[in-house]
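Asks:
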Amino acid sequence: MRKLALRDEILLQIDKAARYIGGEVNAVMKNKEDVDIRFAMAFPDVYEIGMSNLGMMILYDMFNKRDDVWCERLFSPWTDLDKIMREEHIPLFTLESQDPVKEFDFLGITLGYEMCYTNVLQLLDLSGIPLLAKERTEDDPLVIGGGACAYNPEPLAPFFDLFYIGEGEMVYGALFDAYKANQKAGGSRQDFLLKAAQIPGIYVPSLYEVTYKEDGTIKSFQPKYENVPEKVEKQLVIDMDKDYNKLEAPVVPHIKATQDRVTLEIQRGCIRGCRFCQAGMLYRPTRERNVDRLKEYAHAMLKNTGHEEISLSSLSSSDYSELKELVLFLIDEFKEQGINISLPSLRIDAFSLDVMSRVQDIRKSSLTFAPEAGSQRMRDVINKGLTEEVILNGAGQAFEGGWTKVKLYFMLGLPTETEDDMKEIAHLSEKVARRYYEIPKDQRHGKCQITASSSFFVPKPFTPFQWAPMCKAEEYMRRAHLVNDEFKTQLNRKSLKYNWHDAQVTVLEGVMARGDRRIGKLIEEAYRLGCLFDSWTESFHNELWMQAFENTGINLEFYNLRERSEDELFPWDFIDIGVSRKFLRREWERAMKETVTPNCRMQCSGCGAAKFGGGVCYESKN
188 MRKLALRDEI LLQIDKAARY IGGEVNAVMK NKEDVDIRFA MAFPDVYEIG
238 MSNLGMMILY DMFNKRDDVW CERLFSPWTD LDKIMREEHI PLFTLESQDP
288 VKEFDFLGIT LGYEMCYTNV LQLLDLSGIP LLAKERTEDD PLVIGGGACA
338 YNPEPLAPFF DLFYIGEGEM VYGALFDAYK ANQKAGGSRQ DFLLKAAQIP
388 GIYVPSLYEV TYKEDGTIKS FQPKYENVPE KVEKQLVIDM DKDYNKLEAP
438 VVPHIKATQD RVTLEIQRGC IRGCRFCQAG MLYRPTRERN VDRLKEYAHA
488 MLKNTGHEEI SLSSLSSSDY SELKELVLFL IDEFKEQGIN ISLPSLRIDA
538 FSLDVMSRVQ DIRKSSLTFA PEAGSQRMRD VINKGLTEEV ILNGAGQAFE
588 GGWTKVKLYF MLGLPTETED DMKEIAHLSE KVARRYYEIP KDQRHGKCQI
638 TASSSFFVPK PFTPFQWAPM CKAEEYMRRA HLVNDEFKTQ LNRKSLKYNW
688 HDAQVTVLEG VMARGDRRIG KLIEEAYRLG CLFDSWTESF HNELWMQAFE
738 NTGINLEFYN LRERSEDELF PWDFIDIGVS RKFLRREWER AMKETVTPNC
788 RMQCSGCGAA KFGGGVCYES KN
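Terminal number for the sequence shown in the numbering used here: 809, no gaps in between.
(1) Roughly how many whole angstroms lie between the Cα atoms of Asn339 and Thr473?
(2) Label Asn742 either buried or exposed according to how many other C-beta atoms from any shown protein chain fall within 10 Å of its C-beta, with 16 as the threshold for buried.
(3) Would you check if there are 3 or more beta carbon pairs closer than 8 Å linking the region 635–649 to the region 755–769?
(4) Please check the pair Asn527 and Val783, which I expect to be a contact at CB under 8 Å, by giving their CB distance rounded to whole angstroms.
(5) Is it buried or exposed, Pro627, if we count other Cβ atoms within 10 angstroms and call 16 or more buried?
(6) Check for me: the beta strand (DSSP E) holding Arg260 runs from which residue to which?
(7) Pick from Gly333, Val212, Asp312: whose alpha carbon is nearest that of Met228?
(8) Among Arg749, Phe463, Gly299, Ala660, which one has its Cα closest to the Cα of Gly403?
(9) Since Phe379 contacts Asp292 with CB under 8 Å, what's their CB separation in whole angstroms?
(10) When you compare only the Cα positions, how much space is there between Ile316 and Glu322?
(11) Once DSSP output is grouped into helix, strand and coil, what is the label at Ile425?
(12) Between Glu509 and the rest of its own chain, which residues show a CB-CB distance below 6 Å, the 5 nearest in sequence each way excluded?
(13) Is it buried or exposed, Met488, if we count other Cβ atoms within 10 angstroms and call 16 or more buried?
(14) Using a threshold of 7 Å, state whether the C-beta atoms of Phe643 and Thr693 are closer than that.
(15) On the criterion of 16 or more Cβ atoms from any shown chain inside 10 Å, does Thr281 qualify as buried, or is it exposed?
(16) Over what stretch of residues does the alpha helix (DSSP H) that includes Ser616 continue unbroken?
(17) From the DSSP output, which residues share a beta bridge with Gln636?
(18) Among Glu220, Pro392, Arg206, whose alpha-carbon lies nearest the alpha-carbon of His441?
(19) Alpha carbon to alpha carbon, how far is Ser562 from Ile578?
(20) Based on the DSSP secondary-structure assignment, which residues constitute the bridge partners of Leu599?
(21) Is Gln285 helix, strand or coil by DSSP?
(22) Name the DSSP bridge partner or partners of Ile389?
(23) For Ile197, which residues in the same chain have their Cβ closer than 7 Å to its Cβ, ignoring the five residues on either side in sequence?
(24) Which residues in the same chain have their Cβ closer than 6 Å to the Cβ of Asp327, if we skip the five residues on either side of it in sequence?
(25) On the criterion of 16 or more Cβ atoms from any shown chain inside 10 Å, does Asn414 qualify as buried, or is it exposed?
(26) Just reading off the beta strand (DSSP E) that Tyr399 is part of, what are its end residues?
(27) If you follow the beta strand (DSSP E) that Glu559 is part of, which residue opens it and which one closes it?
(28) When the distance is taken between beta carbons, is Pro392 closer than 7 Å to Val307?
(29) Which residue comes first and which comes last in the beta strand (DSSP E) that contains Val330?
(30) Do Leu268 and Ile201 have their C-beta atoms closer together than 7 Å?
(31) Count the other C-beta atoms from every protein chain shown that fall within 10 angstroms of the C-beta of Glu744, then say buried if there are 16 or more, exposed otherwise.
(32) Please list, in chain order, all residues of the same chain as Leu191 whose beta carbon is under 7 Å from its beta carbon, the five residues on each side excluded.
(33) Taking 7 Å as the threshold (C-beta atoms), are Val439 and Val645 in contact?
(34) Apart from the five residues on each side of it in sequence, which residues of its chain come closer than 8 Å, Cβ to Cβ, to Ile389?
Laid out in structure tokens, this is it:
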């Protein structure tokens with residue numbers, strides 16, 4: 188019988204105790220004496236958020252298919268339990284065995300967004316693992332990071348032993364085999380790190396040295412040893428049938444997760460090339476999954492989980508070539524069971540009215556579209572590839588299909604943005620509302636609700652906008668208020684609603700996104716001052732972060748407000764994602780000329796991703 192790490196009286200006094208007890212349907216239990224490697228897989232946020240992370244679930248399933256590995260899960264304890272664990276000296280533990288993380292061979296941490304970085308230190312601290320990699324001994328787990336933020340690992344470099352760059356299916360097997368061989372040979376922690384660095388896609392920060400110029404920019408980034416590669420190449424699945432880990436029985440959360448449904452990943456990558464979008468560059472080339480296999484997995488996952496909704500996961504679902512066949516199959520196959528079909532990431536210009544109306548039969552909800560910019564000029568700058576005519580036509584189809592609620596996502600602070608561009612956000616939203624009221628009154632379904640939301644632009648690594656400056660928080664807020672004032676003057680303002688994000692969080696996200704190793708001491712100082720759960724509004728304390736900047740002498744403006752020179756060496760330049768820097772610079776220059784680049788299916792733009800030998804780059808050759 189498993190003994191829980193937390194006493195009953197603790198479980199009774201904390202919020203959502205089910206976050207910490209494990210024992211869910213499809214959770215994997217093994218005998219720890221029967222495995223060679225124990226892997227603790229962590230998500231640096233609460234259980235409900237982490238259990239919605241598809242990448243984590245895929246790796247959990249994949250690792251546990253190996254007889255010699257037992258992978259267990261853990262998440263950041265919420266602030267109430269965090270306090271108790273510190274007071275009572277309770278070490279952080281995994282859900283499955285409830286054993287302390289300190290006893291494991293590996294601690295893997297998924298890095299999905301920049302504002303979780305102080306939570307990474309919380310995981311280490313509560314586990315009793317030294318925060319700095321250089322202070323760890325042979326008795327400490329090896330700390331490895333992966334996920335979207337691992338593509339600029341440098342702000343977190345001081346805290347990690349290794350990073351995995353790419354999609355997990357490819358070389359974790361080789362990493363585990365190398366670990367076992369090193370253990371068998373009696374090798375040290377350092378011996379293993381040297382061997383791991385030779386595995387494609389594995390980055391070991393301690394084996395590299397950085398020097399800086401007088402102006403604070405990077406002078407050089409070099410490996411310290413001969414056998415350590417100068418470049419780390421991302422790893423990705425090319426054959427989506429053969430190499431993709433077939434997740435058929437994901438763990439079913441005890442409590443309602445953020446994404447409480449079956450997630451069916453239909454493709455990886457995106458053909459579109461929006462110039463602000465990091466994922467669209469990182470995950471090139473676009474690779475589709477076989478539609479017949481997806482139908483099989485849908486059956487298996489619904490049977491194994493009992494969920495009542497299927498979500499089709501993709502960066503741009505509309506670009507999946509078999510979307511209509513798949514959606515109509517799912518609707519027909521599961522209609523009697525009342526299974527809902529969720530279609531995120533749809534493009535307004537590629538949406539089938541037929542499919543929309545069929546989904547509508549099951550459940551009415553709001554539709555979400557992302558024009559990103561109000562004016563056509565700005566949409567051309569960011570390479571969105573949408574005209575106003577297409578947006579309004581798509582909205583019209585949605586309204587005629589029975590929808591009355593539409594969410595529109597925009598971005599403020601983009602390069603070259605003018606006040607006219609900002610005001611066009613309100614004008615475009617008004618035109619969408621007007622399109623609804625053009626429908627004859629007897630055919631409408633009450634009033635419409637158009638909710639427009641603005642996030643603030645953050646330049647991300649490996650995008651054409653990686654050279655761009657950001658705005659100060661005050662300037663972002665000025666722009667949001669300007670747009671809000673414009674909304675108040677619109678004819679259909681009662682049908683319009685406008686929201687915007689927190690500019691202070693955006694500014695910090697910008698520092699983390701393009702930061703170098705020196706940012707590590709800022710993160711550590713912010714954590715020491717009490718920063719935790721920074722992506723949660725109720726837990727975010729900007730004044731503590733500002734204090735951390737002051738205490739460490741780090742200049743926020745250096746990282747955010749300057750435009751980078753064309754030849755500046757970036758902290759992430761040692762990573763090869765396939766997409767060339769030359770292509771990204773060319774796209775930056777095209778943005779400045781307001782020139783649109785065709786998507787990958789219309790025309791190859793020579794981004795460099797064809798080097799991987801598959802996906803959309805080779806569709807016409809098949």
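Idealized CB from N, CA, C, for every residue including glycine.
As the structure is a prediction and not an experimental result, all values here were calculated from the model.
Replies: Straight from the coordinates:
(1) The residue given as residue 339 occupies position 152 in the sequence shown. The residue given as residue 473 occupies position 286 in the sequence shown. One C-alpha to the other measures close to 22 Å.
(2) What you label residue 742 is simply residue 555 of the sequence shown in a count that begins at 1. By the 10 Å Cβ count, Asn742 comes out exposed.
(3) Judged by Cβ distances under 8 Å, the region 635–649 makes contact with the region 755–769, as three or more pairs qualify.
(4) Within the sequence shown, numbered from 1, the residue matching residue 527 stands at position 340. Within the sequence shown, numbered from 1, the residue matching residue 783 stands at position 596. Contact flag wrong, Cβ pair sits at about 36 Å.
(5) To locate residue 627, count along the sequence shown from 1; it is residue 440. Counting Cβ neighbours within 10 Å, Pro627 comes out exposed, since fewer than 16 surround it.
(6) Counted from its first residue, the sequence shown places residue 260 at position 73. Where Arg260 is concerned, the enclosing beta strand (DSSP E) stretches over 256–262.
(7) For the purposes of this step, residue 228 is identified with residue 41 of the sequence shown, where counting begins at 1. Checked all of Gly333, Val212, Asp312; the closest Cα to Met228 is Gly333.
(8) Looking up residue 403 in the sequence shown gives position 216. Among Arg749, Phe463, Gly299, Ala660, the Cα nearest to that of Gly403 belongs to Arg749.
(9) In the sequence shown, counting from the first residue as 1, residue 379 sits at position 192. In the sequence shown, counting from the first residue as 1, residue 292 sits at position 105. That belief does not hold up - the Cβ atoms of Phe379 and Asp292 are roughly 10 Å apart, past 8 Å.
(10) Translated into the one-based positions of the sequence shown, residue 316 becomes position 129. Translated into the one-based positions of the sequence shown, residue 322 becomes position 135. Near 9 Å, if we compare the C-alpha coordinates of Glu322 and Ile316.
(11) Position 238 of the sequence shown, counting from 1, holds the residue named residue 425. Of the three classes helix, strand and coil, the one that applies to Ile425 here is coil, per DSSP.
(12) Against the sequence shown, residue 509 aligns to sequence position 322. Excluding positions up to five away in sequence, the list reads Val478.
(13) Taking the first residue of the sequence shown as position 1, residue 488 is located at position 301. Counting Cβ neighbours within 10 Å, Met488 comes out buried, since at least 16 surround it.
(14) Sequence index remark: in the sequence shown, residue 643 carries index 456 (1-based). Sequence index remark: in the sequence shown, residue 693 carries index 506 (1-based). In this structure, Thr693 lies closer than 7 Å to Phe643 by Cβ.
(15) Looking up residue 281 in the sequence shown gives position 94. Counting Cβ neighbours within 10 Å, Thr281 comes out buried, since at least 16 surround it.
(16) If you number the sequence shown from 1, residue 616 lands on position 429. That run of the alpha helix (DSSP H) goes 606–624.
(17) Locating residue 636 in the sequence shown gives position 449, counting from the first residue. Answer by DSSP bridge pairing, in chain order: Lys592.
(18) Numbered from its first residue, the sequence shown carries residue 441 at position 254. Of the listed residues, the one whose Cα sits closest to His441 is Arg206.
(19) Position 375 of the sequence shown, counted from the start, is the residue given in the question as residue 562. Position 391 of the sequence shown, counted from the start, is the residue given in the question as residue 578. Ser562 and Ile578: Cα-Cα distance of roughly 12 Å.
(20) Along the sequence shown, read from residue 1 onward, the residue named residue 599 stands at position 412. Partner(s): Phe643.
(21) Reading the sequence shown from its first residue, position 98 is the one you call residue 285. Correct three-state label for Gln285: coil.
(22) Position 202 of the sequence shown, counted from the start, is the residue given in the question as residue 389. Tyr351, per the DSSP bridge assignment.
(23) The residue you call residue 197 lines up with position 10 of the sequence shown. The residues Ile271, in chain order, have a CB closer than 7 Å to that of Ile197 in the same chain once the five nearest residues on each side in sequence are set aside.
(24) Walking along the sequence shown from the start, residue 327 turns up at place 140. Hits under 6 Å: Ile316.
(25) Position 227 of the sequence shown, counting from 1, holds the residue named residue 414. Burial call: exposed.
(26) Here residue 399 corresponds to residue number 212 of the sequence shown, with the count starting at 1. Looking at the DSSP string, the run of the beta strand (DSSP E) that includes Tyr399 is 395–399.
(27) On the sequence shown, residue 559 is found 372 positions in, with the first residue counted as 1. Note, Glu559: beta strand (DSSP E), 554–559.
(28) If you number the sequence shown from 1, residue 307 lands on position 120. If you number the sequence shown from 1, residue 392 lands on position 205. No, these two residues do not count as a Cβ contact at 7 Å.
(29) Locating residue 330 in the sequence shown gives position 143, counting from the first residue. Val330 -> beta strand (DSSP E) spans 329–333.
(30) Here residue 268 corresponds to residue number 81 of the sequence shown, with the count starting at 1. Here residue 201 corresponds to residue number 14 of the sequence shown, with the count starting at 1. It is a contact, given that the beta carbons lie within the stated cut-off.
(31) Locating residue 744 in the sequence shown gives position 557, counting from the first residue. Around the CB of Glu744, fewer than 16 other CB atoms lie within 10 Å, so the residue is classed as exposed.
(32) For the purposes of this step, residue 191 is taken as residue 4 along the sequence shown, with counting starting at 1. Taken in chain order, the residues that qualify are Ile208, Gln285.
(33) Your numbering for residue 645 matches position 458 in the sequence shown. Your numbering for residue 439 matches position 252 in the sequence shown. Contact: no.
(34) The sequence position of residue 389 within the sequence shown is 202, counting from 1. Excluding sequence neighbours, Ile389 sits near Leu349, Phe350, Tyr351, Ile352, Val358, Leu362, Ala383, Val419.
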